Ligand code: NAI
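In my numbering, the protein residues as written are 8 to 413.
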């Protein structure tokens, strides 16, 4: 049977194209649904693709028994009851890295804009003020950028920054291989004291919350610039405002804030409003059409891989298994409760019918076990018998067969 996939909330059309090319039946909706309406619309689909508005709650998930996989065509996954999805054997995929390049490009443009006070100049021009001067305007070539968090975005910034002629320093809690001529710093304070631009690309963790507090902001070179497109709570905004007013920090570009309006209808309030040489953007670092398209491709690929091979590469709430598509042999996939004795029960069933385990992959988390097994079996009846018996084990949550023909 062809798998049926429902894509909600105007997911990029490239996703439908990709999924149809892979042989799935796809329906799309421009908007989202809630509660009973969502259940009625999604009923009978094997996969659902959502963005940030559709709430897949415990109640909704319990009423969608055909559902096998969820795709969040965005970064965040808070809109899904992740723990419950795990408990009932539903993998959830997202697209955390599709907008990496978009953020990195924005950072580069903002370094130039801060160095040339572009935000202030353009505001003045719109108000009829002509202020032609070179004072305080600089090229970024030959300056030093300090990248805090040398992950997907940090390393992209590193590459682009070198192409602009900047010297690159970075600091990460994990030892990272430098790109090009970038140099690691032993400590955050070392980086802060040596950088003309400090750009933050860390995740939101207990360690990073408040990471740029008063001491760190004061440790920045006088006249340096701060850029933050990571998470709002990383920077102490009231302290930053003080140091901008005293001109210890020469400017800032902020895309994320400790408290962000929940929708475009709500006002934005911050201590840094109206300050000189401060660029403020509404969390749009990763919001480009290219990123939307890439998100569509990334999550579609996860669906295709999952349905064709059982692979859960990049899943957020489920044991990860990165396996290739089955080729010569049929494959049994089994999601089970992670309790003692499951594997030996499965292996006894296989040996009872005289089948041979060609490949066996198991990944577990605290609740679930995820088993992918390629079998050499004599005939279809033997394969069906194995799948049926494994499916009937008390520990099994869901069992299915891929590459059926023996
Ligand atoms: P990533 O996970 O690839 O990289 C994060 C890096 O930070 C890792 O190398 C990690 O080891 C490092 N790190 C963690 N804790 C640290 C600490 N205490 N000190 C120094 N380094 C530390 O993440 P990615 O994709 O590069 O994203 C970075 C940030 O950008 C995330 O907070 C993400 O939410 C945000 N983001 C913002 C967007 C926007 O629209 N403004 C769009 C995309 C991501």
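Backbone N, C-alpha and C fix where the C-beta goes; we use that ideal spot for every residue, glycine too.
Treat the numbers as computed from the prediction; the structure is a model and nothing was measured.
| query | For residue 161, which option in 145, 363, 210 and 70 has the closest C-alpha, if you only look at C-alpha atoms? | reply | Walking along the chain shown from the start, residue 161 turns up at place 154. Measuring from the Cα of residue 161, the nearest candidate turns out to be 210.
| request: Using 7 Å as the cut-off, classify the Cβ of residue 175 as near or not near the heavy atoms of ligand 1, replying yes or no. | output: On the chain shown, residue 175 is found 168 positions in, with the first residue counted as 1. Flag unset: Cβ of residue 175 not near ligand 1.
| query | When we look at the beta-carbon of residue 9 and count the other beta-carbons within 10 Å, is it buried (16 or more) or exposed? | reply | Locating residue 9 in the chain shown gives position 2, where the first residue counts as 1. Exposed, because fewer than 16 other Cβ atoms sit within 10 Å of the Cβ of residue 9.
| request: Run the proximity test for residue 236: is its beta-carbon closer than 7 Å to any non-hydrogen atom belonging to ligand 1? | output: Residue 236 sits at position 229 when you count from the first residue of the chain shown. Because some heavy atom of ligand 1 lies under 7 Å away, the Cβ of residue 236 counts as near it: yes.
| Residue range of the alpha helix (DSSP H) that residue 338 falls in? | On the chain shown, position 331 is the one that residue 338 refers to. Not the alpha helix (DSSP H): residue 338 falls in the beta strand (DSSP E), residues 338 to 344.
| First and last residue of the alpha helix (DSSP H) that includes residue 225? | For the purposes of this step, residue 225 is identified with residue 218 of the chain shown, where counting begins at 1. Unbroken alpha helix (DSSP H) run through residue 225: 221 to 226.
| message | Quick check on the burial criterion: 16 or more other C-beta atoms within 10 angstroms. Buried or exposed for residue 109? | response | Walking along the chain shown from the start, residue 109 turns up at place 102. Label assigned to residue 109: buried.
| field | Nearest-angstrom Cα separation, counted from residue 252 out to residue 281 | value | Reading the chain shown from its first residue, position 274 is the one you call residue 281. Reading the chain shown from its first residue, position 245 is the one you call residue 252. About 11 Å.
| request: Give a yes or no on whether the C-beta atoms belonging to residue 227 and residue 241 are separated by under 8 Å. | output: Numbered from 1 along the chain shown, position 220 holds the residue referred to as residue 227. Numbered from 1 along the chain shown, position 234 holds the residue referred to as residue 241. No; because the gap between Cβ atoms is not below 8 Å, this pair is not in contact.
| field | Buried or exposed by the 16-neighbour rule on C-beta atoms within 10 Å, applied to residue 254 | value | By 1-based counting over the chain shown, the position of residue 254 is 247. Exposed, since its Cβ has fewer than 16 Cβ neighbours within 10 Å.
| Within 10 angstroms of its Cβ, does residue 203 collect 16 or more other Cβ (buried), or is it exposed? | Position 196 of the chain shown holds residue 203. Buried, because 16 or more other Cβ atoms sit within 10 Å of the Cβ of residue 203.
| query | Run through DSSP, which three-state label would residue 403 get? | reply | As a first step, residue 403 is located in the chain shown; it is residue number 396 there, counting from the start. Here residue 403 sits in strand by DSSP.
| query | Out of curiosity, what's the CA-to-CA distance linking residue 103 and residue 87? | reply | Numbered from 1 along the chain shown, position 96 holds the residue referred to as residue 103. Numbered from 1 along the chain shown, position 80 holds the residue referred to as residue 87. Near 15 Å, if we compare the C-alpha coordinates of residue 87 and residue 103.
| message | Quick check: does the Cβ of residue 37 come within less than 7 Å of any heavy atom belonging to ligand 1? | response | Along the chain shown, read from residue 1 onward, the residue named residue 37 stands at position 30. It does not: the Cβ of residue 37 is nowhere closer than 7 Å to a heavy atom of ligand 1.
| request: Could you tell me whether any non-hydrogen atom of ligand 1 is closer than 7 Å to the CB of residue 302? | output: Locating residue 302 in the chain shown gives position 295, where the first residue counts as 1. Flag unset: Cβ of residue 302 not near ligand 1.
| residue 188 to residue 278, Cα distance in whole Å? | Translated into the one-based positions of the chain shown, residue 188 becomes position 181. Translated into the one-based positions of the chain shown, residue 278 becomes position 271. If I take the Cα positions, the gap works out to 37 Å.
| Element boundaries [alpha helix (DSSP H), containing residue 48] | As a first step, residue 48 must be located in the chain shown, where it is residue number 41. Here the alpha helix (DSSP H) through residue 48 covers 42 to 49.
| field | Local conformation of residue 63 per DSSP, three classes | value | Counting from 1 along the chain shown, the entry for residue 63 is found at position 56. The answer is strand: DSSP assigns residue 63 an E or B state.
| field | residue 153 - partner residues in DSSP beta bridges | value | Reading the chain shown from its first residue, position 146 is the one you call residue 153. Bridge partners of residue 153: 176 and 205.
| Taking 7 Å as the line, does the beta carbon of residue 82 fall inside it for any heavy atom of ligand 1? | Indexing the chain shown from 1 puts residue 82 at position 75. Flag set: Cβ of residue 82 near ligand 1.
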